[in-house]
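Novice: Got a structure here, written out as structure tokens. Questions coming.
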Amino acid sequence: MERKTISVTGMSCNGCEQNVENALQTAEGVTRVDADHDGDTV
1 MERKTISVTG
11 MSCNGCEQNV
21 ENALQTAEGV
31 TRVDADHDGD
41 TV
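For the sequence shown, the residue numbers in the UniProt record's numbering are 1 to 42.
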């Protein structure tokens, strides 16, 4: 399994994290998504 960390700006709350996680979970090959609005990463 390959792990990637992506910088994301504009997330300001847990709801933003959830929206990003839900969107990325639909991508082919994605098995886990952890968004962090404090660290601006996914």
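Even for Gly, the Cβ is constructed at its ideal location relative to N, Cα and C.
For residue 35, count neighbouring C-beta atoms within 10 Å of its own C-beta (all shown protein chains included) and say buried if the count is 16 or more, exposed if not.
Specialist: Burial call: buried.
Novice: In the DSSP output, which residue or residues are listed as bridge partners for residue 41?
Specialist: For residue 41, which the question treats as bridged, DSSP gives the partners 7, 36.
Novice: Excluding the 5 residues preceding and the 5 following residue 7 in the sequence, name in chain order all residues of the same chain whose CB lies nearer than 7 Å to its CB.
Specialist: Taken in chain order, the residues that qualify are 40, 41.
Novice: With a CB to CB cut of under 8 Å and the five nearest residues on each side skipped, what residues in its chain are close to residue 17?
Specialist: So the list reads 11, 35, 36, 37, once near-sequence residues are dropped.
Novice: For a test of the three-state rule: what should DSSP assign to residue 15, helix, strand or coil?
Specialist: Helix, per DSSP.
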